[in-house]
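Residue numbers (the numbering used here), protein chains in the order written: chain A, 8 to 267; chain B, 195 to 453. For glycine and all other residues, C-beta sits at the position ideal for the given N, C-alpha and C. From a predicted model like this one, the values you see are computed outputs, not experimental measurements. Here is the structure we will look at, set down as structure tokens.
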Amino acid sequence: MNPLSPLAAVGRSVLALLQQIGQVSLFAANTLSHLVRPPFYPREFLSALFQIGWLSLPVVGLTAFFTGGALALQIYAGGARFNAEAVVPSIVAIGMVRELGPVLGGLMVAARVASSIAAELGTMKVTEQIDALVTLSTDPMKFLTLPRVLAATLAMPVLVAVGDTIGIMGGYLVAVARLEFNAATYLSNTVDFLQLWDILSGLVKGAVFGFIVALMGCYYGMTSGRGAQGVGRATKTAVVVASVLILAANYLLTEVFFSA
Amino acid sequence: MIELTNIHKRFGANKVLQGTSLTVPKGSSLVIIGGSGTGKSVTLKCILGLVKPDSGTIKIEGRDISSGDRDAFLARFGMLFQGAALFDSIPVWQNALFYSGPVWHTVAFRLLRGSLKRPLSEAREIAIEKLRRVGLTPDVADKFPAELSGGMQKRVGLARAIAAEPEIIFFDEPTTGLDPIMAGVINELIREIVVEMGATAMTITHDMTSVRAIADTVAMLHDGVIKWTGPVAEMDTSGDPYLDQFINGRAEGPIEAVR
């Protein structure tokens with residue numbers, strides 16, 4: 008065995024990674040370039056908005072609700088260790104709005120939307136429907152990719168806002184029903200403590216996560232391999248990559264927004 | 195007239211086309227035959243611009259396809275895909291106008307958007323007329339692609355290919371996966387439609403019945419080059435060992451068969 012072959016393997020995987028990053032970046036640039044190049048397909052956009060935004064509401068809402076509730080219990084227990092139970096409303100609010108709303112919402116949407124986009128476009132690719140679109144004078148990037156990416160980028164902040172609200176409500180319900188907080192004080196503490204930027208930063212995160220989710224779904228769908236296995240792999244990779252990228256982007260954005 | 199000159203295309207180490215040259219006169223029907231993986235589909239995809247050849251030129255009516263307006267270029271084509279490639283995603287709103295809704299949306303795809311856009315009722319009428327042309331009743335128009343049998347899906351694919359009155363039609367293995375009778379019906383339909391529309395047709399197939407029913411001219415593709423081309427009537431007396439082996443389906447001969 009060549010003594011350098013382990014190094015060669017490392018080199019190969021680094022090169023493959025760089026190539027992948029390059030391809031995804033080109034795909035993203037290509038998608039965005041269609042924002043300003045007609046024709047546009049508003050009907051596809053509305054349909055994507057409905058699929059990605061409206062139909063994700065239940066899963067995002069439930070996730071936020073239970074997270075807010077659990078957060079209230081934990082912070083109460085943690086706060087009790089140094090007689091600071093009163094911080095529950097403020098920490099629940101800031102935790103939901105800055106971090107958990109966008110990140111958990113993003114991950115749930117990655118699971119729901121990146122997978123369904125990748126599976127749909129992958130199947131279309133494998134059954135030559137994407138080639139058929141081209142022969143019908145329709146650019147798949149304009150017709151399939153841009154509407155989904157745009158819809159996810161615009162819908163995600165709204166989903167995050169809804170999730171934030173429901174999450175805070177979950178915390179409130181638990182705090183009032185189980186921890187004997189005063190309802191009015193809890194609410195006024197929440198409102199007084201939160202700053203506009205706390206909320207806005209979460210919404211910006213949401214938009215970035217939405218973009219990542221739809222872009223990964225489209226990229227892995229459009230480049231899907233053949234057959235059931237190809238589509239399966241495209242779907243799995245789309246979800247995994249979207250989730251990891253969301254967490255990485257979340258760290259970077261937090262660093263940019265909040266590190267003084 | 196479609197002219198391919200010295201087309202080369204490789205995918206990684208796999209050299210698919212190695213100097214393919216072909217001429218299809220206007221209004222005639224060429225059938226490309228050859229074993230699986232010899233580059234038949236890639237040839238069609240090169241002409242459509244779905245695959246970019248590494249070298250060589252493709253001209254249609256004397257104009258290089260890599261120059262000029264791509265939309266106008268594609269508007270002259272119709273294509274029937276091997277698996278019909280009907281748009282079968284489930285639409286969000288079943289009755290709203292959407293590309294993957296009932297069959298007629300797929301058939302009239304081109305007539306509902308872009309440069310060939312028609313009013314809704316007219317597009318639907320054309321779709322129904324084209325469905326009738328391929329032997330389907332108007333009630334099929336409101337069914338969904340997934341509800342149709344393989345033969346019916348092929349017919350719908352054919353209706354979509356001819357919906358915008360193309361000058362050039364490609365057929366990718368039109369009879370694959372159909373029973374012999376349905377295959378005969380599709381062959382006859384293709385012949386009739388090509389003749390009555392005066393379209394230039396290119397078909398790829400390995401179904402010899404199909405070749406005899408559809409072709410004016412036959413081209414045999416092997417190892418990325420055209421081994422033989424000539425009128426369908428001369429196919430049986432060509433004396434070309436590759437062609438002979440292929441049309442008679444012999445395991446022995448110059449074409450190596452993997453056992």
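How should residue i be labelled, buried or exposed, when 16 other C-beta atoms within 10 angstroms of its C-beta is the threshold for buried?
| i | result |
| --- | --- |
| E51(A) | buried |
| P368(B) | buried |
| W422(B) | buried |
| G224(A) | buried |
| A451(B) | exposed |
| I253(A) | buried |
| P219(B) | exposed |
| W298(B) | buried |
| K203(B) | buried |
| L205(B) | The residue you asked about is not Leu; residue 205(B) is Phe in the sequence shown. Classification of F205(B): exposed, given that the 10 Å Cβ count is below 16. |
| R354(B) | buried |
| L330(B) | buried |
| T300(B) | buried |
| G235(B) | Looking at the sequence provided, one finds Ser at residue 235(B) rather than Gly. Per the 10 Å Cβ criterion, buried. |
| L268(B) | buried |
Name the two residues that bound the continuous alpha helix (DSSP H) containing residue i.
| i | result |
| --- | --- |
| K324(B) | L314 to R327 |
| H299(B) | V297 to V301 |
| G239(A) | G234 to F265 |
| N442(B) | P435 to N442 |
| S309(B) | Where S309(B) is concerned, there is no enclosing alpha helix (DSSP H), given that its DSSP letter is neither H nor E. |
| I380(B) | P374 to M391 |
| I449(B) | First-last for I449(B): undefined, no H or E at that position. |
| D265(B) | R264 to L268 |
| K348(B) | G344 to I356 |
| I234(B) | For the record, residue 234(B) in the displayed sequence is Lys; it is not Ile. Unbroken alpha helix (DSSP H) run through K234(B): K234 to L242. |
| S20(A) | S12 to S40 |
| R155(A) | L153 to A184 |
Could you pull the DSSP bridge partners for residue i from this structure?
| i | result |
| --- | --- |
| K132(A) | BP columns for K132(A) are empty, so no partner. |
| T369(B) | BP columns for T369(B) are empty, so no partner. |
| T251(B) | T199(B) |
| I226(B) | I398(B) and A413(B) |
| D258(B) | K253(B) |
| L274(B) | F365(B) |
| F205(B) | N208(B) |
Measure the beta-carbon distance from residue i to residue j and round it to whole angstroms, keeping in mind my assumption that it falls under 8 Å.
| i | j | result |
| --- | --- | --- |
| V104(A) | L201(A) | 6 Å |
| M396(B) | F364(B) | 5 Å |
| A182(A) | A79(A) | 5 Å |
| I420(B) | M429(B) | Actually they are not in contact, since the Cβ atoms of I420(B) and M429(B) sit about 14 Å apart, beyond 8 Å. |
| L128(A) | G217(A) | No, L128(A) and G217(A) are not in contact; Cβ-Cβ is about 17 Å, not under 8 Å. |
| A393(B) | I362(B) | 6 Å |
| S283(B) | T411(B) | No, S283(B) and T411(B) are not in contact; Cβ-Cβ is about 38 Å, not under 8 Å. |
| L107(A) | G178(A) | 10 Å between Cβ atoms; not a contact. |
| T197(A) | P96(A) | 5 Å |
Could you please give the first and the last residue of the uninterrupted beta strand (DSSP E) stretch that includes residue i?
| i | result |
| --- | --- |
| W422(B) | V419 to P425 |
| F52(A) | Per DSSP, F52(A) belongs to no beta strand (DSSP E); it is in the alpha helix (DSSP H), P49 to I59. |
| Q212(B) | N208 to V218 |
Return yes when at least one heavy atom of the ligand GDP lies under 8 Å from the C-beta of residue i, else no.
| i | result |
| --- | --- |
| L201(A) | For the structure depicted, the ligand GDP is absent and the ligand set is empty, with no information on it obtainable. |
Below 8 Å, how does it come out for the segment 404–419 of chain B and the segment 240–251 of chain B: are there three or more Cβ pairs, yes or no?
The count of Cβ pairs closer than 8 Å, one atom from the segment 404–419 of chain B and one from the segment 240–251 of chain B, stays below three, leaving the stretches out of contact.
When the Cβ atoms of the segment 136–154 of chain A are set against those of the segment 35–44 of chain A, are three or more pairs found closer than 8 Å?
At 8 Å Cβ cutoff, the stretches touch.
Is it true that the segment 207–214 of chain A meets the segment 166–181 of chain A, where meeting means three or more beta-carbon pairs spaced less than 8 Å apart?
Output reads yes: the segment 166–181 of chain A touches the segment 207–214 of chain A.
Are there three or more Cβ pairs, one per stretch, closer than 8 Å when the segment 113–127 of chain A is compared with the segment 76–94 of chain A?
Contact fails: fewer than three Cβ-Cβ distances are below 8 Å.
Anything in the segment 266–279 of chain B with a Cβ closer than 8 Å to a Cβ of chain C? List those residues in chain order, please.
Looking for chain C here will not work: the only protein chains present are A and B.
Contact the segment 330–345 of chain B vs the segment 246–257 of chain B: 3+ CB pairs below 8 Å
With the cut-off at 8 Å, the segment 330–345 of chain B and the segment 246–257 of chain B do not touch.
Pairs of beta-carbons, one from the segment 58–72 of chain A and one from the segment 129–147 of chain A, closer than 8 Å: are there three or more?
Contact fails: fewer than three Cβ-Cβ distances are below 8 Å.
If you pair each beta-carbon of the segment 127–136 of chain A with each one of the segment 273–282 of chain B, do three or more pairs fall below 8 Å?
With the cut-off at 8 Å, the segment 127–136 of chain A and the segment 273–282 of chain B touch.
Can you find at least 3 beta carbon pairs, one from the segment 98–115 of chain A and one from the segment 317–326 of chain B, that sit closer than 8 Å?
With a cut-off of 8 Å, the segment 317–326 of chain B and the segment 98–115 of chain A do not count as touching, because too few Cβ pairs lie within range.
Cβ contact check for the segment 254–274 of chain B and the segment 435–452 of chain B: 3 or more pairs under 8 Å
Contact between the segment 254–274 of chain B and the segment 435–452 of chain B is absent, because fewer than three Cβ pairs lie under 8 Å.
Using 8 Å as the cut-off, can you tell me whether the segment 343–354 of chain B makes contact with the segment 370–387 of chain B, which would need three or more C-beta pairs spanning the two stretches below that distance?
Remark: three or more beta-carbon pairs, one from each stretch, lie closer than 8 Å, so the segment 343–354 of chain B and the segment 370–387 of chain B are flagged as touching.
Any contact of the segment 397–407 of chain B with the segment 225–232 of chain B, i.e. 3+ C-beta pairs under 8 Å?
Yes, since at least three Cβ pairs between the segment 397–407 of chain B and the segment 225–232 of chain B fall closer than 8 Å, the two stretches touch.
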